[in-house]
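Novice:
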Amino acid sequence: MSNQSSQANDALDNNRHSRITTLSEVGLSLGIFFAHYRHAPLQAGAILLGIVLAVTLLIGVKSTNENAVRSYSEATELLSQRASLLITPNAGARYLDEAVYFRLRQSGISNALAIVNGLVVDPQGRRWQIQGSDLFAAINLQTTQVSSSDNKADSGNSHSNSNSNSNSNLVNPNIPIAKLVAAENILLMSQSLANKVAPNGEFFLQDPSNEQAPDIKLEVIGLDDDFGLGNAIVADISLAQKLLNQPHQLSYIALFDKPDQLITRINQADLLQQQADITEQDQGQALQELTRSFHLNLNAMSMLAFVVGLFIAYNGVRYSLMKRQRLLVQLLQLGIQKNYLMLALICELALLVIIGSILGFILGLQLSLWLQPMVAMTLEQLYGARLMPGSWQWQWLAQAMGLTLFAGLLACLPLYRQLTNQPLARISTKVSQVGQLIRIHRIQFSVAVIGLIGCALAFPFAKQYQVSLGLMGIVIIAIPLLLPLTIYKISQWLARLFPAGIWHYMIAETKELIGPLSLAMMAMLLALTANISMNTLVGSFEVTLKTWLESRLHADLYMRPSSDKILQIQDFLNDKDKVSGVYTQWTVQSQYQNMPIELVTRDLYSTQVTSSLKSQTNDLWSEFRAGNQILISEPIAIKYDLNIGDSFSIAAFEKSAEKETQQGTSPKTIGGIFFDYGNPKGQVVIDQTLWQQVGLPEMPKSIAASYQGDISELEQILVDSKLISSAQMYNQAKIKQQAIAMFKQTFSITMVLNSLTLIVAAIGLFSACLMLTQARQAPLARLYALGITKGQLRLMTFVQMQLIVLLTCLVALPTGAVLGYLLINKVTLQAFGWSIAMLWDWPAYIRVVVIALTTSAAAIGIPLYWQTRKPLIKSLQQEAI
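Quick note, in the numbering used here, the sequence shown goes up one by one and the last residue is 906.
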């Protein structure tokens, strides 16, 4: 027993000694590494720079996307709670009689909120969306929410607590609640919007009942942005009804109790009296589905920027290890084991990742604050979504650290293993290093070619945009891997064109610079390729959109008056000699596979003129008039994989089929698919005969007119008639302008991220050039000793590096075109349902190349001047030592 006990103690002592040895050797190595960085802070700075830039863009976009998705599921009525039910006008009706609201309140349903919204016009002709609500009821509802939140304070949910604190501030003596409820001319806005549109606290709007009357002056009260008003303008409901010229009319009523109990109570008491419909809220599911493509696009750009940042970090790691190669060999010669040295290098990388991730996390949250207003505007314009105030989570920092450390270890472990396994008797010669780099570049080239061939074979079978985006990610990774060997072969070919001398030496030596600069050039290639592809997409989209608008907007003036005025306006226009055509449109909201769509009918002439058909049956129009065939928009066809000749049935058809057994109410055949760039919900067009057969509303939703003369003249005639206000009229030119501006906004966030990626790549190039010029002091000193002047050395080095950048730009042009093609014909088509004709924007391409060359000139010239102004002979003496 004693022998066994002594053996166990010896084993424990050995383990303890082994742990102490491990810690001491790793600690000693780390101490030496940190001492090295004190003398060479540029090396640690280069690594941290890449990590910080990568994490900043990753966290900035992640915070923006997470906040948007959270807003969909937690969105509330303005200054109130989240509604559980909405009471809306009947199909075809635009407004709801406020008598419905009064019946609900009188029946004891107190948790109800009346809402009216619409467009108003300021003296400059700008349109503003205004929302009126029963503010007294909203404040009571919110006070109830605050009380219930206080009762649940023990739950420890910090997010709920922050909401409660911000909401409770609404009941504040500084806000004139009595004046608001008394319908005095007071508007509420977010403080940021108030500072922009009403810096002096005053806002003017046209009088909709008499546009010749003096403008209405309104006092503006700015609320903290935490209230989540966004770009909305809020007023008490009576003031809003006056500003919108909609007396006794509501847009909808929001209810806040349990849905099942409310629906039963309302139906039993027949409170709606067939004047309205009641629908249950979907907790933001529809908005999440509609905006999924948009957020995926942002995530893809952030990951691209993340990869570019990691290229920069890896370049810094490799440079640092190259400069410490002699030091690492000396540590091995002193007896530090290879495994411990490897562990020390991993610990060093982990520490740098932690520091860089924390800095990047802080900067990323600031970037998110800058990006969110742009995202909010896009989501409001396209999808009607309103973003809540931003929030952040500590988990994002842990995720960023984990992802960065995993990617860093994946990239650096082979390099660590190579350095720690090198012979102790000597340091690898420069020739062997160059040969090894060439072998690595050949392997990278082979891997890239295999990846590109695999993607080329897989793309024809990719039907979902997620799959296409994944394949495009492989293409994006493969393209930079082609670059080093490609530039090496091109420089080899160029060297043969120059005779022996300094210029031949310059071109020949360029091959040796490709290795140290390869990662920076790969990052630059990624950024340039993404920039060129996005320029192709945006330019092509703009031309396609303008062409589509020309065919879609066949009338000169479009009007959306109140439903009781449409027939009067139609008769009024028919009596005018210069009015050459009057067109009407009927629209209702419906569903297809539980997703919202628009069901539309127009007069036959308008349908034929405005439908830009992508494909159709041979007998489309005759079958369309007979009610046997319908038209669907391209986004619906792409999303649900529908083709010409397929059957199509929506909720409106199914409801009609329950009432009647006529042949006309059966599922219809898709006779045509038309291009549509203006409706994320999708659209279905049917003939007027089928519309009536299905039993849809008879009152048109909008009206349009063609006019032989100045369209402003017709607008003034209609305003003078008192039948419609200018806020309810849109001329063709304004619609085109707003449409192009709105859809440019769709891509503006991506373009901003694209530009940031290019800036990150430029910073990486600057860092690489600074490190490279510092490492090349000895070769430059030898040339200086041979009689080459400093001016010639600077020019030669500058031309060498600019040549590599120029070759990178030339490679980026075709690869950017390939990515642009995939973006247009695969990702955008499958994600948004938009067919875009690809166009070459050569001025934009040349501009990007010029920007890259100019940026690289600064990145090369500044560190080159810094390094070559020092006495070069000292570098030669230092190398001899």
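All C-beta atoms in this analysis are idealised placements derived from N, C-alpha and C, irrespective of residue type, glycine included.
For a quick check, are the C-beta atoms of residue 266 and residue 141 less than 8 angstroms apart?
Specialist: yes
Novice: Can you give me the C-alpha to C-alpha distance between residue 880 and residue 586, rounded to a whole angstrom?
Specialist: 54 angstroms
Novice: Applying the criterion that 16 or more other CB atoms from any shown protein chain within 10 Å of the CB defines a buried residue, is residue 500 buried or exposed?
Specialist: buried
Novice: Given a cut-off of 8 angstroms, decide if residue 54 and residue 371 are closer than it, judged by their beta-carbon atoms.
Specialist: no
Novice: Is DSSP giving residue 240 helix, strand or coil here?
Specialist: coil
Novice: State the DSSP-derived secondary structure class of residue 755, mapped to helix, strand or coil.
Specialist: In this structure, DSSP gives residue 755 an extended state, which the three-state scheme calls strand.
Novice: Would residue 725 be called buried (16 or more neighbouring beta carbons within 10 Å of its own) or exposed?
Specialist: buried
Novice: Is it the case that the stretch 883 to 894 contacts the stretch 847 to 860, given that we only count it when at least three CB pairs across the two stretches are under 8 angstroms?
Specialist: no
Novice: Identify the residues that DSSP records as bridge partners of residue 638: which are they?
Specialist: Looking at the DSSP output, residue 638 bridges to 699.
Novice: Return the chain-ordered list of same chain residues with a C-beta closer than 6 angstroms to the C-beta of residue 729, the five sequence neighbours on each side being excluded.
Specialist: 580, 583 and 608
Novice: Within 8 angstroms, do at least three Cβ pairs link the stretch 469 to 477 to the stretch 548 to 564?
Specialist: No, they do not touch.
Novice: Three-state secondary structure (DSSP) at residue 813?
Specialist: Judged by DSSP in its simplified three-state form, residue 813 adopts coil rather than helix or strand.
Novice: Is there at least one Cβ from chain D nearer than 8 angstroms to residue 659's Cβ?
Specialist: In the structure shown, chain D does not exist; there is a single protein chain.
Novice: Pick out whichever of 707, 646, 654 and 643 has its Cα sitting closest to the Cα of residue 616.
Specialist: 707
Novice: Quick check: the Cα distance between residue 750 and residue 400, rounded to an integer number of angstroms?
Specialist: 31 angstroms
Novice: Residues in the same chain with beta-carbon distance under 8 angstroms from residue 623, minus the five sequence neighbours each way, listed in chain order, please.
Specialist: For residue 623, where only same-chain residues beyond five positions count, the Cβ hits under 8 angstroms are 612, 613, 614, 615, 704, 706, 707, 708 and 709.
Novice: Helix, strand or coil for residue 594? Go by DSSP, reduced to three states.
Specialist: In the three-state reduction of the DSSP assignment, residue 594 falls in the helix class, which pools H, G and I.
Novice: Taking three-plus beta-carbon pairs below 8 angstroms as touching, is the stretch 333 to 349 in contact with the stretch 70 to 83?
Specialist: Judged by Cβ distances under 8 angstroms, the stretch 333 to 349 makes contact with the stretch 70 to 83, as three or more pairs qualify.
Novice: Could you tell me which residues DSSP puts in a beta bridge with residue 723?
Specialist: Bridge pairing for residue 723: absent [DSSP].
Novice: If you reduce the DSSP assignment to three classes, tell me which class residue 120 lands in.
Specialist: coil
Novice: Give me, in chain order, the residues of the same chain whose beta-carbon lies closer than 6 angstroms to that of residue 891; leave out the 5 immediate sequence neighbours on both sides.
Specialist: none
Novice: Considering Cα atoms alone, identify which of 806, 820, 122 and 785 is closest to residue 82.
Specialist: 785
Novice: According to DSSP, which residues form a beta bridge with residue 850?
Specialist: For residue 850, which the question treats as bridged, DSSP gives no partner whatsoever.
Novice: In this structure, how does DSSP classify residue 891 when only helix, strand and coil are distinguished?
Specialist: helix
Novice: Does the stretch 240 to 247 come close enough to the stretch 209 to 216 that 3 or more CB-CB pairs lie under 8 angstroms?
Specialist: yes
Novice: If residue 334 sits next to residue 84, beta carbons under 8 angstroms apart, how far is it from one beta carbon to the other, in whole angstroms?
Specialist: No, residue 334 and residue 84 are not in contact; Cβ-Cβ is about 12 angstroms, not under 8 angstroms.
Novice: Residues in the same chain with beta-carbon distance under 6 angstroms from residue 761, minus the five sequence neighbours each way, listed in chain order, please.
Specialist: Hits under 6 angstroms: 574.
Novice: At the level of alpha carbons, what is the spacing between residue 764 and residue 387?
Specialist: 36 angstroms
Novice: Cβ atoms of residue 422 and residue 393: under 8 angstroms apart, would you say?
Specialist: no
Novice: Would you check if there are 3 or more beta carbon pairs closer than 8 angstroms linking the stretch 714 to 724 to the stretch 564 to 572?
Specialist: no
Novice: Within 10 angstroms of the Cβ of residue 894, are there 16 or more other Cβ atoms? Answer buried if so, exposed if not.
Specialist: exposed
Novice: Helix, strand or coil: how does DSSP classify residue 711 here?
Specialist: Coil.
Novice: So residue 142 is in the alpha helix (DSSP H); what residue range does that whole segment cover?
Specialist: Not the alpha helix (DSSP H): residue 142 falls in the beta strand (DSSP E), residues 137 to 146.
Novice: Could you give the distance in angstroms between the alpha-carbon of residue 426 and the alpha-carbon of residue 378?
Specialist: 7 angstroms
Novice: Which of helix, strand or coil does DSSP assign to residue 536?
Specialist: helix
Novice: Please classify residue 630 as buried or exposed, where buried requires at least 16 other C-beta atoms within 10 Å of its C-beta.
Specialist: Residue 630 comes out exposed.
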